[in-house]
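Enquirer: Right, I'll just put the structure down here and ask away after.
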Amino acid sequence: MYRTRFAPSPTGYLHLGHAFSALTGFAAAQAQGGEFLLRIEDIDHTRCRPDFEQAIHDDLRWLGLDWPEPVLRQSEHMADYQAALERLRDMGVLYADARTRRGEAEAALSAPQGEDMAENAPAPPAWRLSLEACRRALGARYDALSFFEGADERRADPGVNGDVVLGRKDIGVAYHLCVVVDDARQGVTHVHRGHDLYDATHTQVLLQALLGLPTPVYAHHALLLDDQGRRLAKRKGSKALRDYRAEGLTAQAVRDRLLTADQG
2 MYRTRFAPSP
12 TGYLHLGHAF
22 SALTGFAAAQ
32 AQGGEFLLRI
42 EDIDHTRCRP
52 DFEQAIHDDL
62 RWLGLDWPEP
72 VLRQSEHMAD
82 YQAALERLRD
92 MGVLYADART
102 RRGEAEAALS
112 APQGEDMAEN
122 APAPPAWRLS
132 LEACRRALGA
142 RYDALSFFEG
152 ADERRADPGV
162 NGDVVLGRKD
172 IGVAYHLCVV
182 VDDARQGVTH
192 VHRGHDLYDA
202 THTQVLLQAL
212 LGLPTPVYAH
222 HALLLDDQGR
232 RLAKRKGSKA
242 LRDYRAEGLT
252 AQAVRDRLLT
262 ADQG
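Residues in the sequence shown are numbered consecutively from 2, following this note's numbering.
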């Protein structure tokens, strides 16, 4: 079955860019007689809020979308992500990194990639994925990693992102690991998302190979821009869907506007 998902983080209110992604995936699932899932990616307990989560449901229902219940909430599956992290640790493809985020930029200039900065640290701020160790673990498969972007097969190049953080002291696990575990758990066959996440695909394909998980077909759509030519983003204060609704704009008007943007 064709199955896709929309997976927002409840760290703010949805804007038109989110609506575009959700409607794109929903329309694709309907066209294929498939299933559209909503997933709440709420592992970052320092920024996620219940009111933002409720607003996600309200906004998507207002747009005319529906999905099966119950909705998967990542915060309820932390043990599964920790198990995946432990498996990678047992494979020898992670290393402890005691650097703080503030010091990462300076350290990157002087330390070789993959160097263990705190081998004996009892509680490292981060566990990073070692590309060098991944290459050894996968052998010839490493250079053959690929994924489909629509109908086009493309080579996956994890080097694009370097040694990414997978385990974090503050929230436990990082986005890349959770998303591949969840896509496999939910049987997601197709992923529709913005082009800003295209590079993330390279790392996620690598993790899928390491963990023996299936690789969905990806489709990264163009990003919506504001009047200044900047991509819409919560952290930049882009106008929220709920604000359009409060102004009296109808859901059909929003859908028509996004359809025009898609055709453009």
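All residues carry an ideal CB built from backbone N, CA and C; glycine is no exception. Computed from a predicted model, the values in this text were never measured in an experiment.
Taking the Cβ atom as the reference point for each residue, do leucine 86 and leucine 211 lie within a distance shorter than 9 angstroms?
Expert: Locating residue 86 in the sequence shown gives position 85, counting from the first residue. Locating residue 211 in the sequence shown gives position 210, counting from the first residue. Not in contact: leucine 86 and leucine 211 (Cβ atoms no closer than 9 angstroms).
Enquirer: Any idea what DSSP makes of tryptophan 63, helix, strand or coil?
Expert: By one-based count along the sequence shown, residue 63 stands at place 62. Correct three-state label for tryptophan 63: helix.
Enquirer: DSSP on glycine 173, reduced to helix/strand/coil?
Expert: Stepping through the sequence shown from its first residue, residue 173 is reached at position 172. Three-state result, glycine 173: strand.
Enquirer: Assuming arginine 40 and leucine 15 are in contact, meaning their beta carbons sit under 8 angstroms apart, how far apart are those beta carbons, in whole angstroms?
Expert: Position 39 of the sequence shown, counted from the first residue, corresponds to residue 40. Position 14 of the sequence shown, counted from the first residue, corresponds to residue 15. The pair is not a contact, with the Cβ atoms about 14 angstroms apart (cut-off 8 angstroms).
Enquirer: Leaving out five residues before and five after glutamine 83 in sequence, what residues of the same chain have Cβ atoms less than 7 angstroms from its Cβ?
Expert: Residue 83 sits at position 82 when you count from the first residue of the sequence shown. Excluding positions up to five away in sequence, the list reads Gly173, Val174.
Enquirer: At which residues does the beta strand (DSSP E) containing alanine 127 begin and terminate?
Expert: As a position in the sequence shown, residue 127 is number 126, starting the count at 1. Alanine 127 -> beta strand (DSSP E) spans 127 to 130.
Enquirer: Near tyrosine 143, what residues of its chain come up, given a Cβ to Cβ distance below 7 angstroms and the 5 sequence neighbours on each side ignored?
Expert: In the sequence shown, counting from the first residue as 1, residue 143 sits at position 142. The answer, listed in chain order, is Cys135, Arg136.
Enquirer: Would you tell me roughly how many angstroms separate the C-alpha atoms of proline 1 and alanine 32, rounded to the nearest one?
Expert: The structure shown does not extend to residue 1, since the chain is modelled only from 2 to 265, so the question has no answer here.
Enquirer: Return the CA-CA distance between leucine 207 and serine 22, expressed in angstroms with no decimal places.
Expert: As a working note, residue 207 is residue 206 in the sequence shown. As a working note, residue 22 is residue 21 in the sequence shown. Those two C-alpha atoms are separated by around 24 angstroms.
Enquirer: Between phenylalanine 37 and tryptophan 63, which are expected to be in contact by the criterion C-beta below 8 angstroms, what is the C-beta distance as a whole number of angstroms?
Expert: Locating residue 37 in the sequence shown gives position 36, where the first residue counts as 1. Locating residue 63 in the sequence shown gives position 62, where the first residue counts as 1. Not confirmed; about 16 angstroms, so no contact.
Enquirer: Here's the rule: buried if 16 or more other CB atoms are within 10 angstroms of the residue's CB, otherwise exposed. What is alanine 80?
Expert: In the sequence shown, counting from the first residue as 1, residue 80 sits at position 79. Classification of alanine 80: exposed, given that the 10 Å Cβ count is below 16.
Enquirer: Looking at the structure shown, is leucine 39 part of a helix, part of a strand, or coil, going by DSSP?
Expert: Mapped onto the sequence shown, residue 39 falls at position 38. It is a strand residue.
Enquirer: Give a yes or no on whether the C-beta atoms belonging to alanine 8 and valine 180 are separated by under 9 angstroms.
Expert: Start at 1 with the first residue of the sequence shown, and residue 8 comes out as number 7. Start at 1 with the first residue of the sequence shown, and residue 180 comes out as number 179. Yes, the Cβ-Cβ distance between alanine 8 and valine 180 is below 9 angstroms.
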